[in-house]
Amino acid sequence: MEVVYFIIGGNLGNVLDTFRKVKIELEHKIGQISGESNLYRTESWGDDQQPDYFNQVLYISSNLTAVDVLNYCLDIEVLHGRVRNLENQWAPRTIDIDILYYGNEIINTAQLTLPHPRLHQRNFVLVPLNEIAPELIHPIFQKSNAQLLVECVDQLEANEI
């Protein structure tokens with residue numbers, strides 16, 4: 031069994047209701063949610079001409095493989111209205127589910143890169159992640175999430191709501 035850390039985010043529609051439904055689906059498909067951060071609101075990263083994002087970090091212990099977890103996340107996104115914009119990776123969305131960590135695994139394939147390759151660059155990830163797992167060590171950088179947050183140069187604030 032592996033502990034899987036996720037960040038869920040969205041900025042279209044009734045995001046908080048979508049989060050509630052997505053968490054039910056995650057528990058049904060992947061495993062029981064063992065912990066979750068508070069909710070945070072952040073300006074849109076990469077495109078400030080769209081609504082602010084809501085984000086939350088959670089973790090689940092799961093018997094699934096990392097690829098199976100990814101596939102379920104993609105299915106859940108589609109179920110809740112996610113449409114991928116291949117021309118604009120910063121496009122608004124109803125839901126985004128990113129795997130941050132899958133245990134201590136380091137995975138680098140065309141399909142999946144873990145730990146998430148940009149988690150150390152974004153306050154909207156690191157602030158809620160530090161709320162629930164400050165001492166968790168990033169297996170590539172060999173630094174805790176708390177250290178990564180201190181070193182992060184992202185200027186966007188993640189504000190607890």
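Numbering-wise (the working numbering), the sequence shown opens with residue 31 and increments by one.
Where is the CB? At the ideal position from N, CA and C, for every residue including glycine.
In three-state terms, what does DSSP make of residue i?
{"i": "valine 33", "result": "strand"}
{"i": "arginine 123", "result": "coil"}
{"i": "threonine 95", "result": "coil"}
{"i": "threonine 48", "result": "helix"}
{"i": "asparagine 101", "result": "helix"}
{"i": "phenylalanine 171", "result": "coil"}
{"i": "isoleucine 60", "result": "coil"}
{"i": "valine 87", "result": "strand"}
{"i": "valine 68", "result": "What sits at residue 68 in the sequence shown is asparagine, not valine. The answer is coil: DSSP assigns asparagine 68 none of H, G, I, E or B."}
Looking at residue i: is its Cβ nearer than 8 Å to the Cβ of residue j?
{"i": "proline 122", "j": "proline 81", "result": "yes"}
{"i": "isoleucine 137", "j": "leucine 130", "result": "no"}
{"i": "leucine 189", "j": "arginine 50", "result": "Checking the sequence shown, residue 189 turns out to be asparagine, not leucine. It is not a contact, given that the beta carbons lie outside the stated cut-off."}
{"i": "leucine 15", "j": "tryptophan 75", "result": "The shown model of the chain, from 31 to 191, leaves out residue 15, and the question about it has no answer."}
{"i": "glutamate 107", "j": "aspartate 128", "result": "no"}
{"i": "aspartate 184", "j": "asparagine 153", "result": "yes"}
Quick check on residue i: buried or exposed, where buried means 16 or more other Cβ atoms within 10 Å of its Cβ?
{"i": "arginine 114", "result": "exposed"}
{"i": "threonine 139", "result": "exposed"}
{"i": "isoleucine 54", "result": "exposed"}
Could you give the C-beta distance for residue i and residue j, rounded to a whole number, given that I count them as a contact under 8 Å?
{"i": "glutamine 141", "j": "valine 180", "result": "No, glutamine 141 and valine 180 are not in contact; Cβ-Cβ is about 32 Å, not under 8 Å."}
{"i": "glycine 39", "j": "threonine 124", "result": "Contact doesn't hold; Cβ gap of about 10 Å is too wide."}
Original post:
Between the segment 65-72 and the segment 82-100, do at least 3 Cβ pairs fall closer than 8 Å?
Top reply: Touching, yes.
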